[in-house]
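Chains as they are written, first to last, in the numbering used here: chain A, 274 to 427; chain B, 274 to 427; chain C, 274 to 427; chain D, 274 to 427; chain E, 274 to 427; chain F, 274 to 427.
Quick notes on the structure that follows.
6 protein chains.
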Amino acid sequence: MVAKTNDDVLLVEANLDDQTGEGLGYVMEKLLDAGAYDVYFTPIQMKKNRPATKLSVLINPATKDAITTLILAETSTIGVRYQTWHRAIMQRHFTTVTTPYGPVQLKVATYGDLTKQTPEYADCAQLAQQWHIPLMTVYQAALVAADQATQEEN
Amino acid sequence: MVAKTNDDVLLVEANLDDQTGEGLGYVMEKLLDAGAYDVYFTPIQMKKNRPATKLSVLINPATKDAITTLILAETSTIGVRYQTWHRAIMQRHFTTVTTPYGPVQLKVATYGDLTKQTPEYADCAQLAQQWHIPLMTVYQAALVAADQATQEEN
Amino acid sequence: MVAKTNDDVLLVEANLDDQTGEGLGYVMEKLLDAGAYDVYFTPIQMKKNRPATKLSVLINPATKDAITTLILAETSTIGVRYQTWHRAIMQRHFTTVTTPYGPVQLKVATYGDLTKQTPEYADCAQLAQQWHIPLMTVYQAALVAADQATQEEN
Amino acid sequence: MVAKTNDDVLLVEANLDDQTGEGLGYVMEKLLDAGAYDVYFTPIQMKKNRPATKLSVLINPATKDAITTLILAETSTIGVRYQTWHRAIMQRHFTTVTTPYGPVQLKVATYGDLTKQTPEYADCAQLAQQWHIPLMTVYQAALVAADQATQEEN
Amino acid sequence: MVAKTNDDVLLVEANLDDQTGEGLGYVMEKLLDAGAYDVYFTPIQMKKNRPATKLSVLINPATKDAITTLILAETSTIGVRYQTWHRAIMQRHFTTVTTPYGPVQLKVATYGDLTKQTPEYADCAQLAQQWHIPLMTVYQAALVAADQATQEEN
Amino acid sequence: MVAKTNDDVLLVEANLDDQTGEGLGYVMEKLLDAGAYDVYFTPIQMKKNRPATKLSVLINPATKDAITTLILAETSTIGVRYQTWHRAIMQRHFTTVTTPYGPVQLKVATYGDLTKQTPEYADCAQLAQQWHIPLMTVYQAALVAADQATQEEN
Numbered sequence: 274m275v276a277k278t279n280d281d282v283l284l285v286e287a288n289l290d291d292q293t294g295e296g297l298g299y300v301m302e303k304l305l306d307a308g309a310y311d312v313y314f315t316p317i318q319m320k321k322n323r324p325a326t327k328l329s330v331l332i333n334p335a336t337k338d339a340i341t342t343l344i345l346a347e348t349s350t351i352g353v354r355y356q357t358w359h360r361a362i363m364q365r366h367f368t369t370v371t372t373p374y375g376p377v378q379l380k381v382a383t384y385g386d387l388t389k390q391t392p393e394y395a396d397c398a399q400l401a402q403q404w405h406i407p408l409m410t411v412y413q414a415a416l417v418a419a420d421q422a423t424q425e426e427n
Numbered sequence: 274m275v276a277k278t279n280d281d282v283l284l285v286e287a288n289l290d291d292q293t294g295e296g297l298g299y300v301m302e303k304l305l306d307a308g309a310y311d312v313y314f315t316p317i318q319m320k321k322n323r324p325a326t327k328l329s330v331l332i333n334p335a336t337k338d339a340i341t342t343l344i345l346a347e348t349s350t351i352g353v354r355y356q357t358w359h360r361a362i363m364q365r366h367f368t369t370v371t372t373p374y375g376p377v378q379l380k381v382a383t384y385g386d387l388t389k390q391t392p393e394y395a396d397c398a399q400l401a402q403q404w405h406i407p408l409m410t411v412y413q414a415a416l417v418a419a420d421q422a423t424q425e426e427n
Numbered sequence: 274m275v276a277k278t279n280d281d282v283l284l285v286e287a288n289l290d291d292q293t294g295e296g297l298g299y300v301m302e303k304l305l306d307a308g309a310y311d312v313y314f315t316p317i318q319m320k321k322n323r324p325a326t327k328l329s330v331l332i333n334p335a336t337k338d339a340i341t342t343l344i345l346a347e348t349s350t351i352g353v354r355y356q357t358w359h360r361a362i363m364q365r366h367f368t369t370v371t372t373p374y375g376p377v378q379l380k381v382a383t384y385g386d387l388t389k390q391t392p393e394y395a396d397c398a399q400l401a402q403q404w405h406i407p408l409m410t411v412y413q414a415a416l417v418a419a420d421q422a423t424q425e426e427n
Numbered sequence: 274m275v276a277k278t279n280d281d282v283l284l285v286e287a288n289l290d291d292q293t294g295e296g297l298g299y300v301m302e303k304l305l306d307a308g309a310y311d312v313y314f315t316p317i318q319m320k321k322n323r324p325a326t327k328l329s330v331l332i333n334p335a336t337k338d339a340i341t342t343l344i345l346a347e348t349s350t351i352g353v354r355y356q357t358w359h360r361a362i363m364q365r366h367f368t369t370v371t372t373p374y375g376p377v378q379l380k381v382a383t384y385g386d387l388t389k390q391t392p393e394y395a396d397c398a399q400l401a402q403q404w405h406i407p408l409m410t411v412y413q414a415a416l417v418a419a420d421q422a423t424q425e426e427n
Numbered sequence: 274m275v276a277k278t279n280d281d282v283l284l285v286e287a288n289l290d291d292q293t294g295e296g297l298g299y300v301m302e303k304l305l306d307a308g309a310y311d312v313y314f315t316p317i318q319m320k321k322n323r324p325a326t327k328l329s330v331l332i333n334p335a336t337k338d339a340i341t342t343l344i345l346a347e348t349s350t351i352g353v354r355y356q357t358w359h360r361a362i363m364q365r366h367f368t369t370v371t372t373p374y375g376p377v378q379l380k381v382a383t384y385g386d387l388t389k390q391t392p393e394y395a396d397c398a399q400l401a402q403q404w405h406i407p408l409m410t411v412y413q414a415a416l417v418a419a420d421q422a423t424q425e426e427n
Numbered sequence: 274m275v276a277k278t279n280d281d282v283l284l285v286e287a288n289l290d291d292q293t294g295e296g297l298g299y300v301m302e303k304l305l306d307a308g309a310y311d312v313y314f315t316p317i318q319m320k321k322n323r324p325a326t327k328l329s330v331l332i333n334p335a336t337k338d339a340i341t342t343l344i345l346a347e348t349s350t351i352g353v354r355y356q357t358w359h360r361a362i363m364q365r366h367f368t369t370v371t372t373p374y375g376p377v378q379l380k381v382a383t384y385g386d387l388t389k390q391t392p393e394y395a396d397c398a399q400l401a402q403q404w405h406i407p408l409m410t411v412y413q414a415a416l417v418a419a420d421q422a423t424q425e426e427n
C-alpha cells in the first residue's frame, strides 16, 4: 500500500520595485542556500508605471525568522507577508537505470494507484556534457531504459 | 431587494519547470472538463535559469481529490498546494436583446445597488462568424440594443 | 476614396537587469516627454537567474540621437539597439457625440472599406470622475450615441 | 545528403491596450484560419499604468494585405508594423511507429548531420483520451517505439 | 531596542479577461485614491487562448466593502476573492541629508539589528528634473550624503 | 575626445512550446559558453492554450552557423529566425576603488559628454559573501568610494 504525504508549507512574498534584477539573482541563491524549498519570481506591474518583481519563497514554517531577516537584509523591501498552504506530496524513491551513456537515476513518485518515473536532470546533464551530445538524447535514453526495466519486472 | 452571494473556493497550485507548453494546454482542457471553475497559467522564473509556469485551478472544495489526482497524473509535478479563498459574487440572470444580426444573450449581474450588463461572448462570436463581420460590431450592437431595452423599461 | 498611410518607425531597445522598476517608471515619462511615439516594457529573464525588463521605444527616426542619449543617461544600460519597421496606419479624424453625461470625442479610423469608431479614453474618464459613475457607463453611452449618429446620417 | 531550407517570413505586430482578452482569443483563431504560420501574445506594460498585449503574427509575405485588414478589422489597433526575418528550417518527413495504445506519427527533422524525432502531439492526445491514460504515458511509449525502430534499422 | 511591527493585510483578487488595459490603468488609480495599500497587475493566461490580467489589491481589512464595490463597479468581473496575509514590517522614520543638488529625505527602516537607508524617490526625481540631470546622479549623491552622515555620527 | 562605438549584432529567435523549463535553463548555459553576447527568455502565449517561451540570442554574426546548430540540437524547435540590429555602445574601461571591505572594480562607460560608473557585480557579491554582509552594503560603499575618487581628481 502506498502512503500519501500531507504537510504545511509557508509562502513568504514581497513586491519589489526598487531592486535590480542583478540583486534578485543574488538573493535567490542566498535563499536556496538558507534552506528554502523553492524560490520563484513573477513579473508584476506596480503603480507609477513601474515594472516589478514579486518574490515568492516556499519554506518550512520553522525557518520563518531566518528567512524573513535574510529577505529584509538582502532586498529593498521594508516588509514581507506570510501565508500557510496545505500540500499533497507524492511518495518518492530513487532507482538507477543503465543507458548507453552511463547510469541515470530515476525518481519514482507514487500517489495512490498512480506511479510516475522521471530521469534526474542532473545525471542527464552531466552525461550530455561528458559525451558532447544533446541533453534530450540522454533524457530519452533514460526513458527507454526505464521502460525496459519495467517490462522485465512484469 | 438584491441578495449577495458569498462562498468559498479552493485554489490549487503547482509550479512546473519540467513540463512542455503543449502538455499544459492539454491539461487545461482536462481540468475544465473535470469541472474546475477556472484554470489559469502565470509565467514564473525558477532556479537554475528555468522559465516556468505556475498552474492555478479554482475549484469547488468537494472536487479536491479528483482534481489533485488529475494534476498529479497529467503533469510532471510531484506535489500540489491548496488554499481556501472567500468570495463575493454578483447575482446573475440572463435576458435576450435583438440586434440587427440576431438575438444576443445579456448577462445581467447585480450586487447591492450595482447593475452590469454584458453581452455573451459566445453569441456575439457566433453571429460575427455567420455574417462575416467583426466581433466588435456585434458586441457594440448588443450594447446599443441593451440600452434601448433599458430606456423602454423606464 | 480613403487614403492609406504608410511610414517607417524606429524601434530602440535595451535589456535592463541592473535598474530598479522605480527608475524605469521615471524613464518612461522622460521618453514620452521627449516625443517618443510609444514606450513599453516586456518582462524577460536573463542569465544568472535575473528577472529583467526589456525597454522598447518606438520613435521618429529623426529623434534617434536625442532618444539614445536620454536612454544612456537615465538607465543603467551601456548600449541600445535599433531596428526599422514599416507601418500601415489607418487614417484618423475626430467627431463629437453627445451622451447623457456630456460630449465625448470619437476617434474615427478608416482603412480602405474599413471604418472603426472609438470613444476617446480621456473624455470618458473625465466625465466618469465628474459624475461619480463607472468609466464603462460613459464608454457604453458614447458607443450608443455614436450608433445613433450613424443611423441619422444614413 | 540532407538539404537545408531557408526562406523569409514576415512578422506583423501591434500593441493592444484597448482590447479585451476575450476579443484577442477570438482574433488568434481568425488569424490561424486565415493562414498565419504562427500567432502569439506577449504581455507588455504600456503608459498610464496599462497592462497590455503585444500581438505577433508570423506570415507568408504574400498574405500581408489580407492579414493586415483582418487585424485592423478585428482588433482595436489603428496601425500595424512589419518586419522581415530570415529563417533556417529543418527538413521534415513523417513516419509511423506502433505503441501498445495504437499507431503514432513521428515527425523526423534533419539539418546537416542532426536528426530529431518528435511524437505528434495530436496523435498522442487522441490515444490518451481513448484509453483514459495520461498524455505522458502515450508520449513516452512513442519515444520507446521510435528507439526500437532505430535499433532495428541499424 | 527596536520594536517590530506585525499586522494583517487583506488581499483582494480578480482575474480579468474581458476588460481593456486602458480600463485597468484607470481602476488602479481609483483603488489607490480609495486607500488601497498597494495595487498590482500580473499577466496570466486564461482558457480559450485569452491573455488576461490578475488584479491584486492589498488593503486594510476595514475597507473591504468599499473596495469590493469599487472593483465590481469599475471592472468587468462578476466576483472577487479574499485572503488574509500576516505581515512583518520594518519600523520606519525619516531623516534629511544634504546633497549638492538640495535636500533629500532618507527612509530609515529598522528590524532587530538590521538598518536600511533609502533615498526617497520623489525627492530625487524632483531634483533631477530641476537640475536637468539623470535621476541616478541624484540618487547616488543621496547615498553618499547618507554615508557621510553615518560616519559623523559614529 | 570620446569615441563612440557602433556595430551590428544578430538576433536569433525561436518560439518553444514543446520544451521544458529545465531544458531551457540548460540551453542558456550552453549558448553563453558558445560565445553568445546575451541570452534571454520572454514568456509568450501560443495557440491551443499553450504557455510558451521565446528564446532570444544576441550574437556576433560570425557565429551564426554554430549557434544555429546548437539551438536546433538542444531545443525542440525545428527552425530559427534571424534579424540584424544596429547598436550604439558606450566606450568602457575599468578602474578600481577601495571600500572598507576591499577593492571593487568600477566599470566606467562614456558616450559623448556622458559618463556612468557602475560597481562590478561579481566583486561586490564576492565581498558580501566574504564579510557576511548584504550585497547592497558593498554596492553602496563602492559608490561612495567612486564619488570620493572623483572629488579628488577634480
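Cβ atoms here follow ideal geometry from the backbone N, Cα and C, with glycine treated the same way.
Query raised in the report: Cα separation between A:Lys380 and A:Tyr299?
Result: Numbered from 1 along the first sequence, position 107 holds the residue referred to as residue 380 of chain A. Numbered from 1 along the first sequence, position 26 holds the residue referred to as residue 299 of chain A. Answer to the nearest angstrom: the Cα atoms are 29 angstroms apart.
Query raised in the report: How about A:Pro316: is its C-beta nearer than 8 angstroms to some C-beta of chain B?
Result: As a working mapping, residue 316 of chain A is identified with position 43 in the first sequence. For A:Pro316, a Cβ of chain B is located within less than 8 angstroms of the residue's own Cβ.
Requested in this report: For B:Arg354, decide whether its Cβ has a neighbour in chain E, counting only Cβ atoms nearer than 8 angstroms.
Outcome: Position 81 of the second sequence holds residue 354 of chain B. The Cβ of B:Arg354 sits no closer than 8 angstroms to any Cβ of chain E.
Query raised in the report: Using the C-alpha atoms, what's the distance from D:Asp420 back to A:Val417?
Result: Against the first sequence, residue 417 of chain A aligns to sequence position 144. Against the fourth sequence, residue 420 of chain D aligns to sequence position 147. Rounded to whole angstroms, A:Val417 to D:Asp420 spans 7 angstroms at the Cα level.
Query - alpha helix (DSSP H) segment containing E:Tyr374, residue limits - result: The count along the fifth sequence starts at 1 and reaches residue 374 of chain E at position 101. Unbroken run through E:Tyr374: none, as it is neither H nor E.
Requested in this report: Check whether the segment 279-289 of chain F touches the segment 304-314 of chain B, counting contact only when three or more Cβ pairs, one atom from each stretch, lie closer than 8 angstroms.
Outcome: At 8 angstroms Cβ cutoff, the stretches do not touch.
Query raised in the report: Between the segment 308-341 of chain E and chain D, which residues of the former have CB atoms less than 7 angstroms from a CB of the latter, in chain order?
Result: Identification of residues in the segment 308-341 of chain E having a C-beta nearer than 7 angstroms to some C-beta of chain D yields Phe314, Pro316, Met319, Lys321, Asn322, Arg323, Pro324, Ala325 and Thr326, given in sequence order.
Query raised in the report: Relative to the alpha-carbon of F:His359, which residue among F:Asp290, F:Gln402 and F:Asn333 has its alpha-carbon at the smallest distance?
Result: Position 86 of the sixth sequence, counted from the start, is the residue given in the question as residue 359 of chain F. Nearest C-alpha to F:His359 among F:Asp290, F:Gln402 and F:Asn333: F:Asn333.
Query raised in the report: Using a Cβ-Cβ cut-off of 6 angstroms (strictly less than) and excluding sequence neighbours within five positions of F:Val411, which residues of its own chain qualify?
Result: Locating residue 411 of chain F in the sixth sequence gives position 138, where the first residue counts as 1. Short of 6 angstroms from the beta carbon of F:Val411, and not among the five residues preceding or following it, lie these beta carbons of its own chain, in chain order: Tyr374, Cys397, Leu400 and Ala401.
Requested in this report: Would you tell me roughly how many angstroms separate the C-alpha atoms of C:Lys321 and A:Thr326, rounded to the nearest one?
Outcome: Counted from its first residue, the third sequence places residue 321 of chain C at position 48. Counted from its first residue, the first sequence places residue 326 of chain A at position 53. Rounded to whole angstroms, C:Lys321 to A:Thr326 spans 16 angstroms at the Cα level.
Query raised in the report: Per DSSP, what kind of secondary structure is C:Glu393 in: helix, strand or coil?
Result: To locate residue 393 of chain C, count along the third sequence from 1; it is residue 120. C:Glu393 falls in the coil class under three-state DSSP.
Query raised in the report: Which residues share a DSSP beta bridge with E:Leu284?
Result: For this step, residue 284 of chain E is matched to residue 11 along the fifth sequence. Bridge partners of E:Leu284 according to DSSP: E:Leu331 and E:Gln356.
Query raised in the report: If A:Pro324 and C:Pro316 are in contact, beta carbons under 8 angstroms, what's the gap, nearest whole angstrom?
Result: As a working note, residue 324 of chain A is residue 51 in the first sequence. As a working note, residue 316 of chain C is residue 43 in the third sequence. Contact holds; Cβ gap of about 7 angstroms.
Report task. Tell whether a beta-carbon distance below 8 angstroms holds between B:Thr342 and A:Gly385. Result -> The sequence position of residue 342 of chain B within the second sequence is 69, counting from 1. The sequence position of residue 385 of chain A within the first sequence is 112, counting from 1. Against a cut-off of 8 angstroms, the Cβ pair of A:Gly385 and B:Thr342 comes out as a contact.
Query raised in the report: Got a sec, what are the start and stop residues for the beta strand (DSSP E) A:Tyr313 sits in?
Result: Locating residue 313 of chain A in the first sequence gives position 40, counting from the first residue. Counting along the chain, the unbroken beta strand (DSSP E) around A:Tyr313 starts and ends at Asp311 to Met319.
**Report entry** Nearest residue (CA-CA) to D:Asn288, options D:Ile351, D:Ala422 and D:Arg365
**Finding:** Counting from 1 along the fourth sequence, the entry for residue 288 of chain D is found at position 15. When only C-alpha atoms are compared, the closest one is D:Ile351.
Query raised in the report: If contact means a Cβ-Cβ distance below 8 angstroms, which residues of the segment 381-405 of chain D contact chain F?
Result: Of all residues in the segment 381-405 of chain D, Ala382, Tyr384, Gly385, Leu387, Lys389, Thr391 and Tyr394 have a Cβ within less than 8 angstroms of some Cβ in chain F.
**Report entry** Local conformation of E:Gln292 per DSSP, three classes
**Finding:** Position 19 of the fifth sequence holds residue 292 of chain E. Assigned with DSSP and collapsed to three states, E:Gln292 falls in coil, not helix or strand.
Query raised in the report: So is F:Ala361 buried or exposed if we call it buried at 16+ other beta carbons inside 10 Å?
Result: For the purposes of this step, residue 361 of chain F is identified with residue 88 of the sixth sequence, where counting begins at 1. Buried is the label assigned to F:Ala361, since at least 16 other Cβ atoms lie within 10 Å of its Cβ.
Query raised in the report: Does the beta carbon of B:His359 come closer than 8 angstroms to any beta carbon on chain E?
Result: The count along the second sequence starts at 1 and reaches residue 359 of chain B at position 86. Among the residues facing chain E, B:His359 is included, as its CB has a counterpart in that chain under 8 angstroms away.
Query - Proximal residues of chain B, C-beta to C-beta of D:Ala346 below 7 angstroms - result: Here residue 346 of chain D is taken as the residue at index 73 of the fourth sequence, counted from 1. Ordered by position in chain B, the residues that pass the 7 angstroms Cβ test against D:Ala346 are Pro407.
Query raised in the report: Where does C:Thr369 fall in DSSP's three states?
Result: Residue 369 of chain C sits at position 96 when you count from the first residue of the third sequence. Collapsing the DSSP output to three states places C:Thr369 in a strand.
Requested in this report: Compare the C-beta of F:Leu416 with all C-beta atoms of chain E and state if any pair is closer than 8 angstroms.
Outcome: For the purposes of this step, residue 416 of chain F is identified with residue 143 of the sixth sequence, where counting begins at 1. Yes, contact with chain E.
Query raised in the report: So what's B:Ile344 in DSSP terms, helix, strand or just coil?
Result: By 1-based counting over the second sequence, the position of residue 344 of chain B is 71. Helix.
Query raised in the report: Any idea if A:Glu295 is buried or exposed, counting beta-carbon neighbours within 10 angstroms, 16 or more meaning buried?
Result: Translated into positions along the first sequence, residue 295 of chain A becomes position 22. Burial call: buried.
Query raised in the report: Name the chain C residues that come within less than 7 angstroms of F:Val282, Cβ to Cβ?
Result: As a first step, residue 282 of chain F must be located in the sixth sequence, where it is residue number 9. What F:Val282 touches in chain C: Arg354.
Requested in this report: Given a cut-off of 8 angstroms, decide if F:Thr423 and B:Gln292 are closer than it, judged by their beta-carbon atoms.
Outcome: Here residue 292 of chain B refers to the residue found at position 19 of the second sequence. Here residue 423 of chain F refers to the residue found at position 150 of the sixth sequence. Cβ atoms of B:Gln292 and F:Thr423: not closer than 8 angstroms.
Report task. Could you work out which residue in C:Val370, C:Pro407 and C:Gln364 is closest to C:Glu426 when comparing CA atoms only? Result -> Position 153 of the third sequence, counting from 1, holds the residue named residue 426 of chain C. Taking only the C-alpha atoms, the option nearest C:Glu426 is C:Val370.
Query - Per-residue contacts from A:Tyr299 into chain F (C-beta, under 7 angstroms) - result: Locating residue 299 of chain A in the first sequence gives position 26, where the first residue counts as 1. The contact set of A:Tyr299 on chain F, defined by CB atoms closer than 7 angstroms, consists of Ala398 and Leu408 in chain order.
Query raised in the report: Roughly how far, in whole angstroms, is the beta-carbon of D:Leu297 from the beta-carbon of C:Leu387, given that I think they are within contact range, below 8 angstroms?
Result: Here the question's residue 297 of chain D lines up with position 24 in the fourth sequence. Here the question's residue 387 of chain C lines up with position 114 in the third sequence. In this structure, D:Leu297 and C:Leu387 do not form a Cβ contact; the two beta carbons are roughly 19 angstroms apart against a cut-off of 8 angstroms.
Query raised in the report: Using a C-beta cutoff of 8 angstroms, does F:Gln413 count as contacting chain E?
Result: Taking the first residue of the sixth sequence as position 1, residue 413 of chain F is located at position 140. F:Gln413 counts as touching chain E.
Query raised in the report: So, is B:Ala339 buried or exposed, given that buried needs 16 or more other C-beta atoms within 10 angstroms?
Result: Within the second sequence, the letter at position 66 stands for residue 339 of chain B. Flag for B:Ala339 reads exposed.
Query - F:Gln413 versus A:Asp290: straight-line alpha-carbon distance, rounded - result: Translated into positions along the sixth sequence, residue 413 of chain F becomes position 140. Translated into positions along the first sequence, residue 290 of chain A becomes position 17. Going from the Cα of F:Gln413 to the Cα of A:Asp290 covers about 18 angstroms.
Query raised in the report: Do A:Ala395 and A:Lys389 have their C-beta atoms within less than 8 angstroms of each other?
Result: Walking along the first sequence from the start, residue 395 of chain A turns up at place 122. Walking along the first sequence from the start, residue 389 of chain A turns up at place 116. With contacts defined by Cβ atoms closer than 8 angstroms, A:Ala395 and A:Lys389 do not form a contacting pair.
Requested in this report: List the residues of chain E whose Cβ lies closer than 8 angstroms to the Cβ of D:Asp291, in chain order.
Outcome: Here residue 291 of chain D corresponds to residue number 18 of the fourth sequence, with the count starting at 1. Going along chain E in sequence order, the residues near D:Asp291 (Cβ under 8 angstroms) are Thr293, Gly294 and Glu295.
Query raised in the report: At a CB-CB cut-off below 8 angstroms, which residues of chain A make contact with E:Leu305?
Result: Here the question's residue 305 of chain E lines up with position 32 in the fifth sequence. Lys320, listed in chain order.
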